[in-house]
Amino acid sequence: MKWSKGKVRDKLNNLVLFDKATYDKLCKEVPNYKLITPVVISERLKIRGSLARAALQELLSKGLIKLVSKHRAQVIYTRNTKGGDAVAAGEDA
Numbered sequence: 001m002k003w004s005k006g007k008v009r010d011k012l013n014n015l016v017l018f019d020k021a022t023y024d025k026l027c028k029e030v031p032n033y034k035l036i037t038p039v040v041i042s043e044r045l046k047i048r049g050s051l052a053r054a055a056l057q058e059l060l061s062k063g064l065i066k067l068v069s070k071h072r073a074q075v076i077y078t079r080n081t082k083g084g085d086a087v088a089a090g091e092d093a
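Here is the structure:
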């Protein structure tokens, strides 16, 4: 493909649904990131952007992360700094 500008990305064969390992990784690691966006998650965990969005929605509802800014196209979260109770409530272990 001569006409494509920049580097040609390999077709992303990212997961469309979570497997157990990826989901565990999501729950363990993501709440520790300072900057959490669907793009960051899809890059790190190799999942689809839409899946990343849904995952972040879920982490938010469990109180594991908090919303910083919701824009039409971009959603930005950060880790939940007040820790403790919010996290415990989200754990149904």
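Under UniProt numbering, think of the first position of the sequence shown as 1, with each following residue one higher.
Each residue gets a CB set at the ideal place from its N, CA and C atoms; glycine is no exception.
As the structure is a prediction and not an experimental result, all values here were calculated from the model.
Neighbourhood of residue i by C-beta distance below 7 Å, restricted to the same chain and skipping five residues each side
i, result
"T22", "L15, L45, I47"
"G90", "Caution is warranted here: a pLDDT of 41 is assigned to G90, below 50, making its placement in the model unreliable, and no coordinate value can be reported."
"A73", "none"
CA nearest to the CA of residue i, picked from the options
i, options, result
"S61", "K20, L17, S50, Y77", "Y77"
Per-residue burial, residue i [other beta carbons within 10 Å of its own, 16 or more giving buried]
i, result
"T81", "exposed"
"L35", "exposed"
Residues near residue i by beta carbon distance below 8 Å, same chain, minus five either side
i, result
"V75", "T37, P38, R53, L56, L67, S69"
"L17", "L51"
"L26", "F18, I41, L45, A55, L59"
Own chain residues within Cβ distance below 6 Å of residue i, not counting five before or after
i, result
"S42", "G49, A52"
Can you list, in chain order, the stretches of the beta strand (DSSP E) that have 3 or more residues and sit fully within the region 31-83? Complete beta strand (DSSP E) runs here, min 3: 65-70, 75-79.
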